[in-house]
Amino acid sequence: MGRKGRHGPRANIYAIDGGEAELLRDADRDGGWMLLVGGVPQSYVDLSDPTYLDFEYMRLMGDVVDCLGAAGEAFDAVHIGGAGCTLPRYIAATRPGSRQVVLEPDAGLVELVREQLPVKGVPGLRIRVTDGRTGVAALADEADDLLVMDAFAEASMPPELATREFVLEAARVLRPGGVYMANVADGFRLPFARRVAATVRSVFRHTLLMGDPGVLRGRRFGNLIVAGSRRPLPVAELTRRAAGGAARARLLDGGDLAAFCAGSAPLRDGEEIVAPVPPPQVFGKS
Numbered sequence: 640m641g642r643k644g645r646h647g648p649r650a651n652i653y654a655i656d657g658g659e660a661e662l663l664r665d666a667d668r669d670g671g672w673m674l675l676v677g678g679v680p681q682s683y684v685d686l687s688d689p690t691y692l693d694f695e696y697m698r699l700m701g702d703v704v705d706c707l708g709a710a711g712e713a714f715d716a717v718h719i720g721g722a723g724c725t726l727p728r729y730i731a732a733t734r735p736g737s738r739q740v741v742l743e744p745d746a747g748l749v750e751l752v753r754e755q756l757p758v759k760g761v762p763g764l765r766i767r768v769t770d771g772r773t774g775v776a777a778l779a780d781e782a783d784d785l786l787v788m789d790a791f792a793e794a795s796m797p798p799e800l801a802t803r804e805f806v807l808e809a810a811r812v813l814r815p816g817g818v819y820m821a822n823v824a825d826g827f828r829l830p831f832a833r834r835v836a837a838t839v840r841s842v843f844r845h846t847l848l849m850g851d852p853g854v855l856r857g858r859r860f861g862n863l864i865v866a867g868s869r870r871p872l873p874v875a876e877l878t879r880r881a882a883g884g885a886a887r888a889r890l891l892d893g894g895d896l897a898a899f900c901a902g903s904a905p906l907r908d909g910e911e912i913v914a915p916v917p918p919p920q921v922f923g924k925s
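Under the numbering used here, residues 640 to 925 are what the sequence shown spells out, in order.
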């Protein structure tokens, strides 16, 4: 399980604090690498082109980033969950001058990424080895324009990062026009995603949800993106992008999102929360 990639990344299995991570080369794309943790795909990184986003949910996140403020304008961002730092690389490339911090609790994973998928050359990016709640609690009020929650432990969203109390902390560190964005995975009937969306709606006046139509209908397991802000979100532009993308997605906001969340209570600290885990067949396991 060698680690140091003197001549670039090396396809291998590596020990990290949370178990094992694997790097796989994309034979069809120069510079493309897949990072798996516990056998679950966590990141796709193109070292030759950081603007290339392979995962569908990551392209939706990229759309949100593209629609924030003026095109190419630098901003300050916090990312909870590091993995291969795909979105931070994208922001650094498309928003030069941006300042970003990644909060990642797995020191072994951070070391692996630094050695095999180097981030040293990503301008304005810092990585702190800390869990999301501790890291966010240490941030100043109204200091950031974007907070991204894309953290998973054993293929599921850490429950403590889904509660209303945590989202309120996220709102605290955002500037008045700042955006909170979270990647949520769920399956049949979407009970967890509905509660997460209800949680974000309870904190932010303006909220939207995006995803594959089949996932949004609760027909299959997949990723959904929820975003919230105190100020209006670029719904029209995001709807256009979602409908016109390579993998057509759907956007819910306003009354449609209210109907989606109907009967679902916000998640709270202290309650027993079981985040969904993808079924084995999602990643080709048996």
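Every residue, glycine too, gets a C-beta built ideally from N, C-alpha and C.
The structure presented is a predicted model; accordingly, all values stated were derived computationally and were not measured.
query	result
Which value, in whole angstroms, describes the spacing of the CA atoms of Arg584 and Gly647?	Residue coverage of the chain in this structure runs from 640 to 925, which leaves residue 584 outside it and unanswerable.
Under three-state DSSP, which class holds Ala776?	helix
Along the chain, where does the alpha helix (DSSP H) that runs through Ala732 open and close?	Thr725 to Thr733
Can you check the segment 852 to 899 for any beta strand (DSSP E) of at least 3 residues that lies completely inside it and give the ranges in chain order?	861 to 868 and 889 to 892
Per DSSP, which one or two residues make a beta bridge with Arg664?	Trp672
Could you check if Thr773 is buried or exposed, using at least 16 other CB atoms within 10 Å of its CB as the buried criterion?	exposed
Closest to Val819 by CA distance: which of Gly909, His845, Arg828 and Pro797 is it?	It is worth fixing the name first, because residue 819 is Tyr in this sequence and not Val. When only C-alpha atoms are compared, the closest one is His845.
Pick out whichever of Ile864, Val740 and Val684 has its Cα sitting closest to the Cα of Asp783.	Val740
Can you grab the Cα-Cα spacing for the pair Ala755 / Ala792, in whole Å?	The displayed chain sequence assigns Gln, not Ala, to residue 755. Those two C-alpha atoms are separated by around 21 Å.
Could you give the C-beta distance for Pro873 and Ala794, rounded to a whole number, given that I count them as a contact under 8 Å?	With 8 Å as the limit, Pro873 and Ala794 do not qualify as a contact, their Cβ atoms being about 31 Å apart.
So, with DSSP's three-state summary, where would you put Glu712?	coil
Determine the extent of the beta strand (DSSP E) in which Val740 is found, giving its start and end residues.	Arg738 to Glu743
Check for me: the alpha helix (DSSP H) holding Thr838 runs from which residue to which?	Pro830 to Val842
Return the CA-CA distance between Arg767 and Glu876, expressed in angstroms with no decimal places.	33 Å
Considering only DSSP beta bridges, list what Asp825 is partnered with.	Gly861
Alpha carbon to alpha carbon, what distance is there between Cys900 and Val835?	9 Å
Is Val913 buried or exposed, if buried means 16 or more other CB atoms sit within 10 Å of its CB?	exposed
Return the chain-ordered list of same chain residues with a C-beta closer than 6 Å to the C-beta of Ala882, the five sequence neighbours on each side being excluded.	none
Which of the three DSSP states is assigned to Lys643 in this structure?	Because Lys643 carries a pLDDT of 49, less than 50, the predicted location of this residue cannot be relied on, and the following value inherits that uncertainty. Coil at Lys643, not helix or strand.
What does DSSP give as the partner residue(s) for Ala684 in the beta ladder?	Checking the sequence shown, residue 684 turns out to be Val, not Ala. Paired residues: Trp672.
Hey, out of Gly867, Leu686 and Ala897, whose CA is closest to Met700's CA?	Gly867
Distance, Cα to Cα, Glu712 vs Leu674?	29 Å
Residues in its own chain within less than 6 Å of Arg859 by CB, not counting five upstream and five downstream?	Gly853
In terms of alpha-carbon separation, which member of Val806, Ala666, Leu855 and Pro919 lies closest to Pro905?	Val806
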